[in-house]
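Asker: Submitted below is the structure of interest, expressed as structure tokens.
Protein chains: 2
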Amino acid sequence: MIDSLRKIAADIDNLLANDTFPATVEPAYLREAVLDYPIRGGKRLRPALLVWSCGLLGGDTDAALYPAAAVEVFHNWTLVHDDIIDQDTTRRGVPTCHVKLTGQTRANFALSEDNAVRTGRDFAILAGDLQQGWANDLLLRSAQHGVPAEVTVALGRNLQKLANRDLITGEALDVELSIRDLSGVTSEEIRRMLAGKTGALLRFCTEAGAMIALKETDPARDEVVRLGEFAVKAGIAFQLRDDYLGIFGNFDSLGKPLGSDLRESKATVMLIDALRMATAADRDRLLGLLGRAEYSPAEMSEVRRIMRESGAAAANEAESGALAEQARNILRTFPDSVYRQNMLDLVNYLINRER
Amino acid sequence: MIDSLRKIAADIDNLLANDTFPATVEPAYLREAVLDYPIRGGKRLRPALLVWSCGLLGGDTDAALYPAAAVEVFHNWTLVHDDIIDQDTTRRGVPTCHVKLTGQTRANFALSEDNAVRTGRDFAILAGDLQQGWANDLLLRSAQHGVPAEVTVALGRNLQKLANRDLITGEALDVELSIRDLSGVTSEEIRRMLAGKTGALLRFCTEAGAMIALKETDPARDEVVRLGEFAVKAGIAFQLRDDYLGIFGNFDSLGKPLGSDLRESKATVMLIDALRMATAADRDRLLGLLGRAEYSPAEMSEVRRIMRESGAAAANEAESGALAEQARNILRTFPDSVYRQNMLDLVNYLINRER
């Protein structure tokens, strides 16, 4: 898997770094902001999933390159706008897009600090908007790189449905969950949010790979649907596992400090289950432990104890394990190939990692 | 022209009000926000321009309906994000998208006022993001409504190039002009900003109409290029005329009070020309008159006198008149038809209106 992943990442890096779409964006600092996240590199798991899904069904994986690049840029614009919404200042240790643009605005123009912050954010809104256009353009260019025009149109429509509408709906539900009282939140709502925010773009990746391989315009075709289900299950399994490791692991996989979900009182399935299933005394203790600026080892131990004794931790692990197994079982209905093995390896890597 | 405009507006109103794309957006207030601007109605000048350009070249105007609807929704998402950036609270007398969403956030959730404002704005960012996806989906659906798939792909790419990249570049230049010292701004920079912010989407409309009529995938084809030039010239002529009427008219056509450009120290071609061409004393007087909260009739008279005596007003009127005439002359190179007449009438209506 690793070799294939590296090869795909290198292809995507190369394509995006040399692409002409952003070249005429002005001012220069906005053009740099448009390129920033897309050329930061990374594992490029979404492009790989798209390319492998195409290969799994016997397709020409070269035809999957532009859609794979499109998915990566699409993912990046959602991160740019998410970072504004979440008011995040760093992403994997590097300043976020709006923070960088605020710095440039502060340096270039005579503005009050408030105005510099606001204008930096405004430019970042536009940077994300431009990246959405860039992603669409990359996808449509598939028609010049081995994907029939009818299939390209169908891919474009599926991108709007899944990666735009369903993903943003998931993001909006996540924003709402962050401002609602936890007592009214159900774990079912969180699963619905995750299916959109995490699952929809992964689903687009596998469905697109399948549609390219089969030269299919209808995403309701059986193989396409099954690979879409695989992606949503694997994505939610990964997210549940991530929530677990955010409490029980050593470091959060996203580079956030352990316990950051607790600090933000983030509604995870495990937290909502623990509040529902714990004793009244533990429930109160857990609520009292939310929203702190920092967590001592003793406080983390207490949270872990409540998560364990309530049964929420075991339920979370059982659910992520079951979803991962269902995802693998879907893959096993397809003929064995190096692509199928890569996808199985990816599921195992995402679920079994311990940080 | 008016009857055709009414017919097109009714078709667009009907299509957008009943479209299924936004139907599964959640939460409900976000779905309403996505629909809000698109179903507020309006003249639908951009869709008309697209439909008429198609008719002008002998195309089936029914095939232009989905692209025309796409253009309207595309225009609306740029307004939603512009209103955030400009901190506008009303649009033609009705609360802007982010203001409405702030009101709903305030009513639905227990948040501080600061947090309600921020969250309302965050939801409005997402509403605009969703509308960009909706616009793309509408455009791609042309392939099911009389536009060949290859042409649909070409339209989609032209939308990203003109309506996304060039338009947003114009918007970003406008943001930059609003925070720069006026003394360093040239009128050429403003024309470049206008070509993007106002011209690019109009250019997409006429080019798309032409490409549909000719079943053409190459926007470099002569008729397509000429109609694109027509649109940019007409758009800049309109904007210059609008700037003039914002000082010399009775009411601003956008429903803003007379002198609002002065209040915002907005860099218009006429203002920059006046600052360059006026006597030193008048230049200082004009600079002293910028950025006030209100303008008395005497102050407006003084501004008008300086605009006139400097020659800036006459230069502005000459330029908008010349551009409008060039636009009309381009139209006259096409065979006479009801569509050509509608487009000539539109230019005359936009340029000759006195408010």
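Those protein sequence lines, which keep their order, are chains H and R.
Position one of the first sequence corresponds to residue 8 (the working numbering), numbered consecutively onward.
Position one of the second sequence corresponds to residue 8 (the working numbering), numbered consecutively onward.
Glycine is no exception: its CB is placed at the ideal position from the N, C-alpha and C atoms.
Under the three-state reduction of DSSP, which class applies to R292(H): helix, strand or coil?
Answerer: Working through the first sequence from its first residue, we reach residue 292(H) at position 285. The answer is helix: DSSP assigns R292(H) an H, G or I state.
Asker: Am I right that L147(R) and G163(H) are in contact with their C-beta atoms under 8 Å? What's the rounded C-beta distance?
Answerer: For the purposes of this step, residue 147(R) is taken as residue 140 along the second sequence, with counting starting at 1. For the purposes of this step, residue 163(H) is taken as residue 156 along the first sequence, with counting starting at 1. Indeed they touch by this definition, with Cβ atoms about 5 Å apart.
Asker: Rank F81(H), T126(H), Y44(H) by C-alpha distance to the C-alpha of G100(H) and give the top, closest one.
Answerer: In the first sequence, residue 100(H) corresponds to position 93, counting from 1. Nearest C-alpha to G100(H): Y44(H).
Asker: Give me the chain R residues within the contact set of V80(H), using Cβ-Cβ distance strictly less than 7 Å, ordered along the chain.
Answerer: Counted from its first residue, the first sequence places residue 80(H) at position 73. Within 7 Å Cβ-Cβ: nothing; V80(H) doesn't reach chain R, min ~11 Å.
Asker: Between which two residues does the alpha helix (DSSP H) containing P54(R) stretch?
Answerer: Working through the second sequence from its first residue, we reach residue 54(R) at position 47. 52-63 is the span of the alpha helix (DSSP H), which, as asked, contains P54(R).
Asker: Could you check which residue in V158(R), L208(R), R315(R) has the C-alpha nearest to that of R290(R)?
Answerer: Sequence index remark: in the second sequence, residue 290(R) carries index 283 (1-based). Of the listed residues, the one whose Cα sits closest to R290(R) is R315(R).
Asker: If I measure Cβ to Cβ from V6(R) and keep anything under 7 Å in the same chain, skipping five residues before and after, which residues do I get?
Answerer: Since the first residue shown for chain R is 8 and the last is 362, residue 6(R) is missing from the structure and cannot be characterised.
Asker: Please name the residues in the stretch 87-106 of chain H whose beta-carbon is closer than 8 Å to at least one beta-carbon of chain R, in chain order.
Answerer: H88, I91, I92
Asker: Measure the C-alpha to C-alpha separation of D89(R) and L282(R) and round it to an integer number of angstroms.
Answerer: Taking the first residue of the second sequence as 1, we reach residue 89(R) at position 82. Taking the first residue of the second sequence as 1, we reach residue 282(R) at position 275. D89(R) and L282(R): Cα-Cα distance of roughly 27 Å.
Asker: What are the start and end residues of the alpha helix (DSSP H) that includes H105(R)?
Answerer: For the purposes of this step, residue 105(R) is identified with residue 98 of the second sequence, where counting begins at 1. Looking at the DSSP string, the run of the alpha helix (DSSP H) that includes H105(R) is 104-115.
Asker: Let me see if you follow: with CB-CB separation under 8 Å, is E157(R) close to chain H or not?
Answerer: For the purposes of this step, residue 157(R) is taken as residue 150 along the second sequence, with counting starting at 1. Chain H, which has a Cβ nearer than 8 Å to the Cβ of E157(R), makes this yes.
Asker: Suppose you measure from the CA of Y73(R) to the CA of L221(R); what does that come to, to the nearest Å?
Answerer: As a working mapping, residue 73(R) is identified with position 66 in the second sequence. As a working mapping, residue 221(R) is identified with position 214 in the second sequence. About 17 Å.
Asker: Please report the straight-line C-alpha distance between W59(H) and R228(H), rounded to a whole angstrom.
Answerer: Counted from its first residue, the first sequence places residue 59(H) at position 52. Counted from its first residue, the first sequence places residue 228(H) at position 221. C-alpha separation (whole angstroms): 18 Å.
Asker: May I have the straight-line CA-CA distance separating G127(R) from A35(R), to the nearest angstrom?
Answerer: Mapped onto the second sequence, residue 127(R) falls at position 120. Mapped onto the second sequence, residue 35(R) falls at position 28. For G127(R) and A35(R), the distance between alpha carbons rounds to 14 Å.
Asker: I think L209(H) touches L330(H), with their Cβ atoms under 8 Å apart; what is that distance to the nearest whole Å?
Answerer: By one-based count along the first sequence, residue 209(H) stands at place 202. By one-based count along the first sequence, residue 330(H) stands at place 323. Going by Cβ atoms, the distance from L209(H) to L330(H) rounds to 13 Å, so no, they are not a contact pair.
Asker: How many angstroms separate the CA atom of D259(R) from the CA atom of R38(R)?
Answerer: Taking the second sequence and counting its residues from 1, the one referred to as residue 259(R) is at position 252. Taking the second sequence and counting its residues from 1, the one referred to as residue 38(R) is at position 31. Only weak support exists for where D259(R) lies, its pLDDT of 48 falling under 50; the value from the coordinates is given anyway. D259(R) and R38(R): Cα-Cα distance of roughly 32 Å.
Asker: Out of R335(R), D352(R), D18(R), which has the shortest C-alpha to C-alpha gap to G49(R)?
Answerer: Your numbering for residue 49(R) matches position 42 in the second sequence. Taking only the C-alpha atoms, the option nearest G49(R) is D18(R).
Asker: Do A238(R) and E230(R) have their C-beta atoms within less than 8 Å of each other?
Answerer: What you label residue 238(R) is simply residue 231 of the second sequence in a count that begins at 1. What you label residue 230(R) is simply residue 223 of the second sequence in a count that begins at 1. No.
Asker: For my contact list, D173(H) and G203(H) are in at a C-beta cut-off of 8 Å; report their separation, rounded to the angstrom.
Answerer: For the purposes of this step, residue 173(H) is identified with residue 166 of the first sequence, where counting begins at 1. For the purposes of this step, residue 203(H) is identified with residue 196 of the first sequence, where counting begins at 1. With a Cβ gap of about 5 Å, D173(H) and G203(H) count as contacting.
Asker: Please classify Q246(R) as buried or exposed, where buried requires at least 16 other C-beta atoms within 10 Å of its C-beta.
Answerer: Sequence index remark: in the second sequence, residue 246(R) carries index 239 (1-based). So Q246(R) counts as buried.
Asker: Listed from N- to C-terminal order along the chain, which residues in the stretch 179-195 of chain H have their beta-carbon within a distance smaller than 8 Å of any beta-carbon of chain R?
Answerer: Hits within the stretch, in order: A179, L180, V182, E183, I186, R187, D188.
Asker: I believe V232(H) touches Q138(H) by the beta-carbon criterion, under 8 Å. Please report the beta-carbon distance rounded to the nearest angstrom.
Answerer: Here residue 232(H) corresponds to residue number 225 of the first sequence, with the count starting at 1. Here residue 138(H) corresponds to residue number 131 of the first sequence, with the count starting at 1. Going by Cβ atoms, the distance from V232(H) to Q138(H) rounds to 29 Å, so no, they are not a contact pair.
Asker: A131(R) and V87(R): beta carbons closer than 8 Å?
Answerer: Here the question's residue 131(R) lines up with position 124 in the second sequence. Here the question's residue 87(R) lines up with position 80 in the second sequence. Against a cut-off of 8 Å, the Cβ pair of V87(R) and A131(R) comes out as a contact.
Asker: So with CB distances below 7 Å, who are the chain R contacts of R53(H)?
Answerer: Working through the first sequence from its first residue, we reach residue 53(H) at position 46. What R53(H) touches in chain R: nothing, since even the nearest Cβ is about 18 Å away.
Asker: From the DSSP output, in three-state form, read off R228(R) for me.
Answerer: Along the second sequence, one-based indexing puts residue 228(R) at 221. The answer is coil: DSSP assigns R228(R) none of H, G, I, E or B.
Asker: Can you tell me the Cα-Cα spacing of N257(R) and E324(R), whole angstroms?
Answerer: Looking up residue 257(R) in the second sequence gives position 250. Looking up residue 324(R) in the second sequence gives position 317. Between N257(R) and E324(R), the C-alpha separation is close to 17 Å.
Asker: Secondary structure at R299(R), three-state DSSP: helix, strand or coil?
Answerer: The sequence position of residue 299(R) within the second sequence is 292, counting from 1. In this structure, R299(R) counts as coil in the three-state DSSP scheme.
Asker: Within its chain, find whatever has a CB closer than 7 Å to the CB of A142(R); leave out the 5 residues flanking it on each side and keep chain order.
Answerer: The residue given as residue 142(R) occupies position 135 in the second sequence. Cβ neighbours of A142(R) beyond the five flanking positions: A77, V80, F81, W84.
Asker: The alpha helix (DSSP H) that contains E79(H), what's its start and end?
Answerer: Start at 1 with the first residue of the first sequence, and residue 79(H) comes out as number 72. Taken as a continuous stretch (DSSP letters only), the alpha helix (DSSP H) holding E79(H) covers 72-92.
Asker: Pull up the distance between the alpha-carbon of A320(H) and that of S194(H), whole angstroms please.
Answerer: Counted from its first residue, the first sequence places residue 320(H) at position 313. Counted from its first residue, the first sequence places residue 194(H) at position 187. Roughly 14 Å between the two C-alpha positions.
Asker: Helix, strand or coil: which one does DSSP assign to T27(R)?
Answerer: On the second sequence, residue 27(R) is found 20 positions in, with the first residue counted as 1. Three-state result, T27(R): coil.
Asker: By how many angstroms is the C-alpha of E306(H) removed from the C-alpha of I296(H)?
Answerer: To locate residue 296(H), count along the first sequence from 1; it is residue 289. To locate residue 306(H), count along the first sequence from 1; it is residue 299. In the sequence on display, residue 296(H) carries Leu and not Ile. A direct Cα-to-Cα measurement between L296(H) and E306(H) gives close to 8 Å.
Asker: Between the Cα of L169(H) and the Cα atoms of A288(H), E214(H), S149(H), D144(H), which residue gives the shortest distance?
Answerer: One-based indexing of the first sequence puts residue 169(H) at position 162. Of the listed residues, the one whose Cα sits closest to L169(H) is E214(H).
Asker: Could you pull out every residue in the same chain whose Cβ sits closer than 7 Å to the Cβ of F341(H), ignoring the five residues on either side in sequence?
Answerer: As a first step, residue 341(H) is located in the first sequence; it is residue number 334 there, counting from the start. Correct list, in chain order: L63, R347.
Asker: Tell me the residue span of the alpha helix (DSSP H) that contains N336(H).
Answerer: One-based indexing of the first sequence puts residue 336(H) at position 329. Start and end: 319-339.
Asker: For V354(H), I'd like the list of residues in its chain whose CB is within less than 8 Å of its CB, leaving aside the five on either flank, ordered along the chain.
Answerer: The count along the first sequence starts at 1 and reaches residue 354(H) at position 347. Result list for V354(H): A241, A244, A331, A334, R335, L338, in chain order.
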